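Here the sequence shown stands for residues 794 to 906, numbered as in my numbering.
Cβ atoms here follow ideal geometry from the backbone N, Cα and C, with glycine treated the same way.
On a predicted model such as this, the values are computed, not experimentally measured, just so you know.
For reference, the structure is listed below as structure tokens.
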Amino acid sequence: PKPDQRRVRDARGRLLVERRPTAGLWGGLYQAPTLERDDRHARLPRLRDWIGAQDLTRAERFTHQTTHRLVRFRVWESAPVRGMGSGDRAWRSPRQVRALALSSPQRRILLGD
């Protein structure tokens, strides 16, 4: 998989998180909002449309090896946009995020651990 993830922090320092589907890799765990593809990373115009924000900054890239696959992450940062915290997404303080079930890559993305 090649996920493009967005790290969003609001003016109060809260992070935007969503829960992964229950099936599949890291099923049911929490993550930064993610656009995931199997073939390649999304292009910038697609990311802007998906996120709803024009101002994106690439924060980091890294690879994570699981027991049976290699996952390449690209992490983007953006300022909050109206409506981001609705639907399946929620704003959580860093302390609340630390208490969530997170994969190792998500802990790195969201908390810098």
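Open item on the list: Considering Cα atoms alone, identify which of Thr815, Arg875, Gln858, Ile844 is closest to Pro898.
Closed with: Gln858
Task: Extent of the continuous beta strand (DSSP E) run through Ser871 - done: 863-871
Open item on the list: So for Leu837, helix, strand or coil by DSSP?
Closed with: helix
Task: Beta-bridge pairing of Arg882 - partner residues as DSSP gives them - done: Glu811
- [ ] Would you kindly report the start and end of the unbroken beta strand (DSSP E) that includes Arg851?
- [x] 849-858
- [ ] Name, in chain order, the residues that DSSP records as bridge partners for Gln824.
- [x] Glu811
Task: Nearest-angstrom beta carbon gap, Ala852 and Leu903 [assumed within contact, 8 Å] - done: That belief does not hold up - the Cβ atoms of Leu903 and Ala852 are roughly 11 Å apart, past 8 Å.
Task: Within 8 Å, strictly: CB atoms of Val810 and Val890 - done: yes
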